[in-house]
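Structure first, commentary second.
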Amino acid sequence: MIEFRNLTKVFQDKKREVKALHNVSLKVKEGSIFGVIGYSGAGKSTLVRMANLLEKPTSGQVLFEGHDLTELSGNQLNEVRQQMGMIFQSFNLLKTGTVYENIALPLKLTGVSKSEIDKRVEKYIQIVGLQDKLKAYPAQLSGGQKQRVAIARALAHEPKVLLCDEATSALDPDTTEAILELLSKINKELGITILLITHEMNVVQKICHEVAVMEQGKVIEQGSVIDVFSKPQTDTAKRFIHSLFNDDIPGDLLKKLKNNGKLVALSFIGESAGDPALAMVTKKYDVFPSILGGNITDLKERPFGRLIVHLDGSESEAQKAINYLKESGVIVETYNKGGINHVN
Amino acid sequence: MLTSITNFINNWGVEIWEAFIDTMIMVGVSLTLSIIIGLPLGVLLTLTGPGKALENKVLYQILNTIINILRSIPFIILLFFILPFTKLVAGTTIGVQGVIVPLVVFTAPYIARLMESSLLEVDRGVIEAYEAMGIKTRHIIWHVLIREARPSIILGLTIATIGLIGATAMAGLVGAGGLGDLAYRYGHLRYQADIMYVTVIILIILVQGVQTIGNRVSARLKKD
Ligand SMILES: Nc1ncnc2c1ncn2[C@@H]1O[C@H](COP(=O)(O)OP(=O)(O)OP(=O)(O)O)[C@@H](O)[C@H]1O
Ligand SMILES: [Mg+2]
Numbered sequence: 208m209i210e211f212r213n214l215t216k217v218f219q220d221k222k223r224e225v226k227a228l229h230n231v232s233l234k235v236k237e238g239s240i241f242g243v244i245g246y247s248g249a250g251k252s253t254l255v256r257m258a259n260l261l262e263k264p265t266s267g268q269v270l271f272e273g274h275d276l277t278e279l280s281g282n283q284l285n286e287v288r289q290q291m292g293m294i295f296q297s298f299n300l301l302k303t304g305t306v307y308e309n310i311a312l313p314l315k316l317t318g319v320s321k322s323e324i325d326k327r328v329e330k331y332i333q334i335v336g337l338q339d340k341l342k343a344y345p346a347q348l349s350g351g352q353k354q355r356v357a358i359a360r361a362l363a364h365e366p367k368v369l370l371c372d373e374a375t376s377a378l379d380p381d382t383t384e385a386i387l388e389l390l391s392k393i394n395k396e397l398g399i400t401i402l403l404i405t406h407e408m409n410v411v412q413k414i415c416h417e418v419a420v421m422e423q424g425k426v427i428e429q430g431s432v433i434d435v436f437s438k439p440q441t442d443t444a445k446r447f448i449h450s451l452f453n454d455d456i457p458g459d460l461l462k463k464l465k466n467n468g469k470l471v472a473l474s475f476i477g478e479s480a481g482d483p484a485l486a487m488v489t490k491k492y493d494v495f496p497s498i499l500g501g502n503i504t505d506l507k508e509r510p511f512g513r514l515i516v517h518l519d520g521s522e523s524e525a526q527k528a529i530n531y532l533k534e535s536g537v538i539v540e541t542y543n544k545g546g547i548n549h550v551n
Numbered sequence: 015m016l017t018s019i020t021n022f023i024n025n026w027g028v029e030i031w032e033a034f035i036d037t038m039i040m041v042g043v044s045l046t047l048s049i050i051i052g053l054p055l056g057v058l059l060t061l062t063g064p065g066k067a068l069e070n071k072v073l074y075q076i077l078n079t080i081i082n083i084l085r086s087i088p089f090i091i092l093l094f095f096i097l098p099f100t101k102l103v104a105g106t107t108i109g110v111q112g113v114i115v116p117l118v119v120f121t122a123p124y125i126a127r128l129m130e131s132s133l134l135e136v137d138r139g140v141i142e143a144y145e146a147m148g149i150k151t152r153h154i155i156w157h158v159l160i161r162e163a164r165p166s167i168i169l170g171l172t173i174a175t176i177g178l179i180g181a182t183a184m185a186g187l188v189g190a191g192g193l194g195d196l197a198y199r200y201g202h203l204r205y206q207a208d209i210m211y212v213t214v215i216i217l218i219i220l221v222q223g224v225q226t227i228g229n230r231v232s233a234r235l236k237k238d
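Keeping their order, the protein sequence lines are chains H and E. The first sequence begins at 208 in the numbering used here and counts up by one. The second sequence begins at 15 in the numbering used here and counts up by one.
Below is the structure:
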């Protein structure tokens with residue numbers, strides 16, 4: 208649906224050149240929710256703004272349904288843009304317009320008839336759940352409500368794609384959750400493809416099918432959310448996942464435990480999340496597992512669990528226990544402070 | 015007291031009324047023309063500025079310089095300085111017709127500047143959102159940029175109008191009449207203090223009125 212091919216973007220600052228994107232290639236499949244995650248300055252905004260050419264690439268191609276957008280004339284580009292909705296961290300509504308006007312004006316300016324406008328406003332305000340706010344001005348709305356209006360405004364063009372630039376970053380956790388649910392529903396029920404960027408792993412975890420991790424203008428890792436969560440390759444990806452589980456173990460305890468047995472992080476995906484593999488270990492081998500921390504989250508439909516476990520026992524028994532866990536479909540990694548490494 | 019007021023009105027009523035009308039015509043006509051010229055100039059300044067949608071260094075610098083030059087000349091000097099130009103455009107350099115040209119040359123650049131600063135206040139993000147929806151630039155200028163800037167534009171126009179009222183007071187020098195001229199001719203040159211007081215009071219009420227209306231309209235348009 209959207210494809211970036213070898214995108215490079217160089218900003219010419221007063222004094223120096225900033226390479227915001229470096230040879231980035233990505234494919235967003237039709238009907239999917241694709242997340243791009245990275246720390247501040249990684250180039251995420253620059254990337255998502257390439258999708259509708261708000262930012263022109265220095266080199267490379269942007270394809271939408273197979274057409275290279277960089278080759279279109281101004282009018283053709285405007286027509287394509289009408290098929291791509293976009294929402295922003297700062298909502299970007301007209302302050303001087305009511306909710307109704309905010310949704311209706313862009314439709315009017317793109318030549319939609321009055322009766323059709325009213326129909327669409329009604330339909331999409333319903334979907335975002337703000338029927339009773341049509342006459343309100345943005346200043347009278349909460350952040351979450353403003354974002355709902357912005358979403359309705361984008362949906363009213365009946366786009367094929369929705370681009371989200373940190374759409375939940377200005378919102379509190381509960382509101383974030385509600386907006387993410389709304390985005391998920393839009394994707395599922397209206398079949399709209401979503402490309403979103405964020406610096407919060409929980410956004411990716413909750414609604415994305417696929418994820419790309421960006422750092423210093425490059426995509427350093429990408430794949431299905433399950434794969435990246437269960438087998439992160441880069442330190443950055445590991446840190447993001449770590450941030451989600453918040454499984455830090457105090458340094459003193461860590462030192463003490465390292466002296467005997469093994470300290471491991473166990474990841475369970477999907478059905479095996481409920482497996483009693485750990486319980487079996489105590490029966491089969493001469494080890495005493497003690498759980499130091501853990502968490503189960505929902506990765507878009509599938510549960511994903513992580514436990515930090517200390518396997519107390521001899522080196523060889525602990526290793527046998529690890530092997531058994533692996534055979535049972537558990538991903539086992541040695542635990543180090545602030546990061547994890549695969550063990551063999 | 016009452017008779018003296020009646021007397022005053024009998025003696026000066028017509029003259030003051032005519033002067034008031036002259037002032038209103040001068041302000042009204044030159045304000046309208048100044049907006050017609052100044053608003054697009056302000057938009058152009060905003061759009062061609064550094065880092066803006068239609069960035070154009072040459073055009074921006076030319077506009078910028080011309081506006082600065084015109085704005086640095088006091089009206090009383092401008093009035094005489096551009097006499098040949100006035101003659102060329104208006105066909106005359108005297109009377110209400112003759113003073114409109116210098117008033118516009120004086121006010122339009124001022125309005126352009128005020129418009130520029132109002133338009134620059136508009137959130138870049140909203141404009142971007144409309145670009146992202148594939149809306150044409152000219153629609154964005156009118157329906158987003160100017161619309162969102164309206165409260166601030168109205169306040170700017172209020173300031174410009176008051177400046178214009180002040181400038182028309184000097185129009186008497188080219189025989190254009192108006193309240194300022196009346197106060198100057200009778201009050202100052204012929205020591206008729208009461209005429210001066212009355213016209214000054216009318217001018218004060220006029221300015222207060224304009225400011226109040228401007229504030230009200232601006233507040234009504236402002237929704238945050
Ligand atoms: N218009 C611009 N001019 C110059 N440099 C820019 C411009 N826009 C972005 N950059 C630079 O490009 C790099 C990437 O910026 P970008 O906004 O894409 O990062 P980001 O990942 O979205 O960060 P954040 O999470 O803080 O929004 C940064 O170093 C930034 O300073
Ligand atoms: Mg950003």
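Beta carbons are placed, not taken as given, at the ideal position from N, Cα and C, and that holds for glycine. Predicted, not measured: the structure shown is a model, and the values here were computed from it.
Residue-level contact to chain H via CB, residue i, 8 Å cutoff
i, result
"I148 of chain E", "Note on residue identity: the sequence assigns Gly, not Ile, to residue 148 of chain E. Closer than 8 Å: yes."
"T62 of chain E", "no"
"G189 of chain E", "no"
"K237 of chain E", "yes"
"A143 of chain E", "yes"
"E162 of chain E", "yes"
"G139 of chain E", "yes"
"V231 of chain E", "no"
"I23 of chain E", "no"
Residue i: first and last residue of the uninterrupted beta strand (DSSP E) it sits in
i, result
"A472 of chain H", "K469 to I476"
"K445 of chain H", "Here K445 of chain H belongs to no beta strand (DSSP E); instead the alpha helix (DSSP H) covers D442 to F452."
"Q244 of chain E", "Outside the displayed span of chain E (15 to 238) sits residue 244 of chain E, for which this structure offers no information."
"S431 of chain H", "K425 to S431"
"K234 of chain H", "E224 to V235"
"E422 of chain H", "E417 to E422"
Within 8 Å, strictly: CB atoms of residue i and residue j
i, j, result
"M129 of chain E", "G177 of chain E", "no"
"D372 of chain H", "I414 of chain H", "no"
"I310 of chain H", "R360 of chain H", "yes"
"R85 of chain E", "Y124 of chain E", "yes"
"I240 of chain H", "H416 of chain H", "yes"
"G387 of chain H", "G292 of chain H", "Rather than Gly, the amino acid found at residue 387 of chain H in this sequence is Leu. Taking 8 Å as the Cβ cut-off, L387 of chain H and G292 of chain H do not qualify as a contacting pair."
"L518 of chain H", "P483 of chain H", "no"
"A126 of chain E", "I81 of chain E", "yes"
"I515 of chain H", "I456 of chain H", "yes"
"D238 of chain E", "A343 of chain H", "no"
"G424 of chain H", "L228 of chain H", "yes"
"S474 of chain H", "V537 of chain H", "yes"
Distance cut-off 7 Å: residue i Cβ against heavy atoms of ligand 1
i, result
"F218 of chain H", "yes"
"G248 of chain H", "yes"
"H406 of chain H", "yes"
"V420 of chain H", "no"
"A146 of chain E", "no"
"G223 of chain E", "no"
"A227 of chain H", "yes"
Check: residue i C-beta below 7 Å from any heavy atom of ligand 2
i, result
"D372 of chain H", "yes"
"S252 of chain H", "yes"
Start-to-end residues for the alpha helix (DSSP H) that takes in residue i
i, result
"F298 of chain H", "No alpha helix (DSSP H) holds F298 of chain H; DSSP gives it neither H nor E."
"T62 of chain E", "L16 to T62"
"R288 of chain H", "G281 to R288"
"P165 of chain E", "R161 to T182"
"A359 of chain H", "G350 to L362"
Any chain E beta carbon closer than 8 Å to residue i
i, result
"S297 of chain H", "yes"
"E278 of chain H", "no"
"V225 of chain H", "no"
"R288 of chain H", "yes"
"L369 of chain H", "no"
"H364 of chain H", "yes"
"K156 of chain H", "A question about residue 156 of chain H goes unanswered here, because the residues of chain H that appear run from 208 up to 551."
"N259 of chain H", "yes"
CB contact check: residue i to chain C, cutoff 8 Å
i, result
"V57 of chain E", "The chain labelled as chain C is not found among the protein chains of the depicted structure, namely H and E."
beta-carbon residue i near ligand 3 non-hydrogen atom, thresh 7 Å
i, result
"G245 of chain H", "Among the ligands modelled here, namely ligand 1 and ligand 2, ligand 3 does not occur."
Segment contact flag, the stretch 273-283 of chain H with the stretch 214-225 of chain H, C-beta cutoff 8 Å, min 3 pairs:
Result no; under three Cβ-Cβ pairs closer than 8 Å.
Pairs of beta-carbons, one from the stretch 316-328 of chain H and one from the stretch 144-164 of chain E, closer than 8 Å: are there three or more?
Yes, the stretch 316-328 of chain H touches the stretch 144-164 of chain E.
Three or more C-beta pairs closer than 8 Å, one from the stretch 152-164 of chain E and one from the stretch 200-219 of chain E: is that the case here?
no
Across the stretch 107-114 of chain E and the stretch 66-75 of chain E, are there enough close Cβ pairs to call them in contact, namely three or more that are closer than 8 Å?
no
Check whether the stretch 21-31 of chain E and the stretch 178-189 of chain E are in contact - that is, three or more C-beta pairs closer than 8 Å.
no
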